[in-house]
Amino acid sequence: MTGAAPLLATPGAPIPPGGAAEWFTGAGGARLRAALFVPGGALRGSVVVSPGRTEAVEKYFEVAQRLLERGFAVLVHDWRGQGLSQRLLPDRLLGHAVGHADFLTDYRALLDTFAARLPKPWIALGHSMGGCLTLLALAQGEARFSGAILSAPMLGILTGPVPPPFAALLAVGLTLIGGGGLSVARQTTAATPFEANILTHDRARYERNEALVAAWPDLALGGPTWGWLAFAFGAVFSLEHGPGAARIAAPLTVTLA
Numbered sequence: 024m025t026g027a028a029p030l031l032a033t034p035g036a037p038i039p040p041g042g043a044a045e046w047f048t049g050a051g052g053a054r055l056r057a058a059l060f061v062p063g064g065a066l067r068g069s070v071v072v073s074p075g076r077t078e079a080v081e082k083y084f085e086v087a088q089r090l091l092e093r094g095f096a097v098l099v100h101d102w103r104g105q106g107l108s109q110r111l112l113p114d115r116l117l118g119h120a121v122g123h124a125d126f127l128t129d130y131r132a133l134l135d136t137f138a139a140r141l142p143k144p145w146i147a148l149g150h151s152m153g154g155c156l157t158l159l160a161l162a163q164g165e166a167r168f169s170g171a172i173l174s175a176p177m178l179g180i181l182t183g184p185v186p187p188p189f190a191a192l193l194a195v196g197l198t199l200i201g202g203g204g205l206s207v208a209r210q211t212t213a214a215t216p217f218e219a220n221i222l223t224h225d226r227a228r229y230e231r232n233e234a235l236v237a238a239w240p241d242l243a244l245g246g247p248t249w250g251w252l253a254f255a256f257g258a259v260f261s262l263e264h265g266p267g268a269a270r271i272a273a274p275l276t277v278t279l280a
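Using this note's numbering, you'd call the opening residue of the sequence shown number 24 and step up by one each time.
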């Protein structure tokens with residue numbers, strides 16, 4: 024499944040020049056969205072940007088613009104279940120996942136689809152969940168990248184007063200008995216005031232991102248399901264205990280929040 028896909032903008036988040044979005048096909052035939060931005064002039068290489076949970080291509084317009092100015096082609100994608108990629112449940116606000124295998128198949132499909140249009144060298148740039156999945160892809164043998172930059176990669180799950188092992192057991196158990204699609208917490212579409220957010224001190228960017236979702240509600244994503252939480256614990260466990268992480272050959276730069 025291919026063809027042109029929409030790119031959404033607001034006055035505070037214009038579409039960078041040289042960009043176009045398209046659909047590609049992921050695991051199980053899922054319709055997924057990616058956007059390729061190509062600068063004019065000589066190209067230094069390509070950066071493949073993998074967002075975190077809840078994030079869409081549009082949030083990374085500024086990042087794409089900065090990289091374009093430095094001569095890089097930029098490929099940004101929506102993971103399954105978020106952005107304009109195919110959602111996994113009838114309630115599109117539920118942030119759901121079913122293990123990490125489909126995510127990694129989607130990632131390979133993304134690279135295969137755009138490979139001929141991405142000049143080498145390739146650099147992976149992953150944030151939060153995207154950083155975790157980028158690491159998993161590298162650990163499982165993805166060797167086309169010359170390096171990777173990981174911004175606050177998801178290497179653990181904050182569970183508040185609940186001990187992580189108990190939270191993991193609960194998430195996996197509920198998922199196994201058919202409760203994976205249930206929300207971990209009460210869903211709401213109300214915007215969080217800047218003063219109450221725990222993710223950033225940057226008011227301008229926070230308000231820009233809130234304005235994007237307000238203007239284009241299809242980009243919105245709420246809290247996670249128990250299935251997503253089970254996926255997250257499983258992905259982190261695979262990184263910690265799987266055999267592949269030690270074999271990653273590409274140089275890594277990791278920044279922590």
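By construction, the Cβ of each residue, glycine as well, lies at the ideal position given by its N, Cα and C atoms.
Non-local beta-carbon contacts of Leu-156 in its own chain, meaning distances under 8 Å to residues more than five positions away in sequence, involve Ser-73, Trp-102, His-123, Phe-126, Leu-127, Tyr-130, Gly-149 and Ala-258 in chain order. Note on Ala-208: under 16 other CB atoms within 10 angstroms of its CB, so exposed under the neighbour-count rule. Residue range 84–92 is occupied by the alpha helix (DSSP H) that includes Glu-92. In the displayed model, Ala-234 falls within a helix according to three-state DSSP.
In the DSSP assignment, Leu-275 is bridged to Ala-171.
Cβ contact annotation for Trp-145 (same chain, cutoff 7 Å, sequence separation greater than five): Gly-68, Ser-69, Val-71, Arg-167, Phe-168 and Ser-169, in chain order.
Going by C-alpha positions, Ala-132 is about 6 Å away from Gly-49.
Looking only at Leu-117, Leu-98, Phe-60 and Gly-64, the smallest Cα-Cα distance to Gly-250 is reached by Leu-117. Following the DSSP letters along the chain, one finds Gly-149 inside the beta strand (DSSP E) bounded by residues 145–150. Between the segment 35–44 and the segment 83–91 there are three or more inter-stretch CB-CB distances shorter than 8 Å, so the stretches are counted as touching. For Thr-33 and Arg-140, the gap between their C-alpha atoms comes out near 27 Å. According to the DSSP secondary-structure assignment, Phe-95 is paired through a beta bridge with Gly-68. If the five residues before and after Ala-191 are omitted, its C-beta is found closer than 7 Å to the C-beta atoms of Phe-256, all from its own chain and listed in chain order.
Just measuring C-alpha positions, the residue of Ala-253, Ala-219, Phe-254 and Gly-154 sitting nearest Leu-275 is Gly-154. The C-alpha of Ala-194 lies about 21 Å from the C-alpha of Leu-159. Nearest to Leu-222 by alpha-carbon distance, out of Leu-197, Thr-25 and Leu-279, is Leu-279.
Take Ala-237, set aside five residues on each side of it, and the residues of its chain with a beta-carbon closer than 8 Å to its own are Ala-214, in chain order. Burial is judged here by how many other beta carbons sit within 10 angstroms of a residue's own beta carbon; Ile-172 has at least 16 and is buried. The alpha-carbon of Glu-78 is positioned some 11 Å away from that of Val-99. DSSP, reduced to helix, strand and coil, places Leu-117 outside both helices and strands of the structure shown, so it counts as coil.
Contact annotation, Leu-262 with Ala-162: C-beta distance approximately 7 Å; criterion of less than 8 Å satisfied.
Inter-residue distance for Ala-44 and Gly-75 is about 19 Å (C-alpha atoms, whole angstroms).
Nearest neighbour of Glu-81 by Cα position, chosen from Asn-232, Leu-134 and Arg-110, turns out to be Asn-232.
The beta carbons of Leu-244 and Gly-35 sit no closer together than 9 Å.
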